[in-house]
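Each remark here refers to the structure printed beneath this line.
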Amino acid sequence: MPRKQDPIKKVTLKDGRTRYRFVIDVGRRSDGGRDQRTYTYDTLREAKAERAKIIAGKSTGTYVAPSTLTLGEYLPAWLAGKRNLRAGALRAYGDALKPVVERLGDVEVQKLRKADLDGLVDWMLTSGRRVGNVQKQSLSPRSVCVMLTVLSGALDSAEKQGLIVRNVAKLVERPTHRPKALKTWTAEQAMAFLTYVAEDRLYAAWCLSLYGLRRGEVVGLRWDWVDLTGESAGELGVAKGTPTITIHKARVSVAGEVFEEDPKSERGRRTLPLDATLVAALKTLKARQAAERLEAGAAYERSGLVVVNELGRPPRPEWYGDRFQWLAAKAGLPVIRLHDARHTCGTLMHLRGVPTAVISAWLGHASAAFTLKTYVHSQDGALHSAGATLMQALTGVEPAAPVAGLASDQGLGRDHRRA
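Numbering (full-length UniProt numbering), first residue to last: 1 to 419.
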């Protein structure tokens, strides 16, 4: 019986030194051919140990072919492959990974260690924020957690591709951070705001923001998507004759560029009924724009957008948010973010008994669970009412008076100009 050939060959180099080399199949190439790799070591012992390691890895599915691909090369390529991400989210992912590329860009993906990421986290928490050309301020724990989440997603992909054995980002302990308490307005505060801005040329837009639309949905709304007569309502799942608006696109700003993009989810494409207040506000705005168009003549920009200035030019999304906060301050109200007007909408609906599934559909969320977790908040008045209801059940004594702000007729459907 012929002697089995030793897979490890002894090789003598030109200078007389000895090396040990073996060739091994590690899988299949993309074209279906055998993927053979050659390994050379100084000693027979090292060669045997590596060959045994590769064979064991192949049998358990944990083998990865050696690669010198660095994080600085891999991460941009991974981002480029995220085709289903909206432009804003893609930019946020890139921003989250900037510290990784800056500090660890030269590290090979396969050689990345937990210690490397621990050092990165410590640096971000002490001096990771750049001020001009100097890095001296700490980044927030939330920023660190976002970085680790995005990086973990990238390394998960690398693991699935067979580039690494395991995702070391999952081993890193995340800094504790407390999300900022979200602020919402009570019904009275929302009504007070709408009363204050009743004569503002964008009154209809402020109503839409408190109606639960996202910033990009308001500034991206087109008159073609507004039906003030209800003629198309029957085709859109709303009772025939009901005025509606339909959300098709959002107008967003990313890296200084303003453009239109699809809603965040398929449920973001939705049709909402309009109440009499909004219909009147939108009709007033439309008539005003028609007069401005005649006055401006050729200088008027015919964008077809609902939110425009006197020359038909749409504002930047950031300006719209800043204007909202400026008006809130002028009205003497707690200054909340424009997006918190959307939270206010969800909260007021919830406090008035609207089912979570309906609120979710109204806001255009992908799931009702997300709505309940993120967009529905309690308010002091609601807690007061809950306590009064409990004590009535325990003692049989009627509450002395209803809690202000929880009357069922104080929704956004009434005429806020007369509030």
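Glycine included, each C-beta is placed from N, C-alpha and C at the ideal position.
Neighbourhood of residue i by C-beta distance below 7 Å, restricted to the same chain and skipping five residues each side
i, result
"Lys48", "Ile8"
"Ser253", "Arg316, Pro317 and Glu318"
"Thr62", "Val165"
"Asp106", "Thr70 and Gly72"
Residue i - containing beta strand (DSSP E), residue span
i, result
"Asp35", "Arg34 to Tyr41"
"Glu254", "A small fix is needed here, since residue 254 is Val in this sequence, not Glu. Element bounds for Val254: Ala250 to Val254."
"Val258", "Glu257 to Glu261"
Beta bridge counterpart(s) of residue i as assigned by DSSP
i, result
"Pro273", "Thr244"
"Phe22", "Ile8 and Tyr39"
"Arg222", "Leu305"
"Asp227", "Thr244"
"Glu108", "Thr70"
Residue i versus residue j - alpha carbon distance
i, j, result
"Ala299", "Arg293", "8 Å"
"Ala255", "Arg86", "13 Å"
"Lys10", "Thr43", "9 Å"
"Gln110", "Ala158", "9 Å"
"Pro99", "Glu217", "32 Å"
"Thr356", "Gly268", "16 Å"
"Leu117", "His177", "18 Å"
"Ala192", "Asp227", "27 Å"
"Val308", "Gly153", "40 Å"
"Gly364", "Trp78", "29 Å"
"Ser360", "Leu202", "26 Å"
"Ala89", "Lys82", "10 Å"
"Thr271", "Pro243", "10 Å"
"Phe259", "Lys249", "10 Å"
"Lys114", "Gln289", "59 Å"
"Thr70", "Ala56", "26 Å"
"Phe324", "Glu199", "14 Å"
"Tyr74", "Lys264", "27 Å"
"Tyr93", "Pro76", "10 Å"
"Gly321", "Ala65", "51 Å"
"Arg302", "Val238", "29 Å"
"Leu13", "Glu46", "18 Å"
"Pro179", "Ala287", "44 Å"
"Ile54", "Gln161", "17 Å"
"Gly32", "Ile247", "47 Å"
"Asp262", "Arg337", "23 Å"
"Glu257", "Ala187", "35 Å"
Whole-Å CB distance - residue i paired with residue j, under 8 Å assumed
i, j, result
"Val150", "Leu104", "No, Val150 and Leu104 are not in contact; Cβ-Cβ is about 14 Å, not under 8 Å."
"Arg222", "Pro317", "Rounded, the Cβ-Cβ distance is 15 Å, inconsistent with contact."
"residue 495", "Leu311", "One cannot answer for residue 495 here, as it falls past the ends of the chain, which runs 1 to 419."
"Trp319", "Gly212", "Not confirmed; about 21 Å, so no contact."
"Trp206", "Thr344", "The Cβ separation is near 12 Å, so there is no contact."
"Arg215", "His350", "Going by Cβ atoms, the distance from Arg215 to His350 rounds to 21 Å, so no, they are not a contact pair."
"Ala341", "Ser209", "5 Å"
"Gly241", "Gly230", "4 Å"
"Asp224", "Gly304", "6 Å"
First through last residue of the alpha helix (DSSP H) which encompasses residue i
i, result
"Thr195", "Ala187 to Tyr196"
"Thr12", "Here Thr12 belongs to no alpha helix (DSSP H); instead the beta strand (DSSP E) covers Ile8 to Thr12."
"Glu159", "Pro141 to Lys160"
"Thr70", "It is not in any alpha helix (DSSP H) - Thr70 carries neither H nor E in the DSSP assignment."
"Ile54", "Leu44 to Thr60"
"Asp340", "Leu338 to Leu351"
"residue 506", "Residue 506 lies beyond the range of the chain shown here (1 to 419); nothing can be said about it."
"Tyr320", "Pro317 to Lys330"
"Tyr203", "Tyr203 to Leu210"
"Leu363", "Thr356 to Leu363"
heavy atom of the ligand MG below 6 Å from residue i C-beta
i, result
"Glu102", "The model depicted lacks the ligand MG and carries no ligand whatsoever."
Contacts around residue i, its chain only, beta-carbon distance under 8 Å, and the 5 residues preceding and following it disregarded
i, result
"Leu125", "Ser138, Leu139, Pro141, Val144 and Pro175"
"Ala329", "Val335"
"Ala419", "Its pLDDT being 33, under 50, Ala419 is placed unreliably by the model, and the measurement read from it follows with that caveat. Cβ neighbours of Ala419 beyond the five flanking positions: Met191, Ala192, Leu194 and Thr195."
"Ser67", "Glu108, Val109, Gln110 and Leu163"
"Ala331", "Ala192, Phe193, Tyr196 and Val197"
"Leu282", "Ala204, Val226, Leu228, Leu274 and Val306"
"Leu148", "Leu117, Val121, Ala169, Val172 and Arg174"
"Asn167", "Ser152, Leu155, Asp156, Ala158 and Glu159"
"Leu327", "Phe193, Tyr196, Val197, Asp200 and Trp206"
"residue 434", "Look at the range of the chain in this structure, 1 to 419, and you will see that residue 434 is not part of it."
Own chain, CB closer than 6 Å to residue i, minus 5 neighbours either side, in chain order
i, result
"Arg34", "Asp25"
"Arg19", "Val11 and Thr40"
"Gln189", "Leu333"
"Val23", "Gln36 and Thr38"
"Leu278", "Cys207"
"Arg51", "Phe22"
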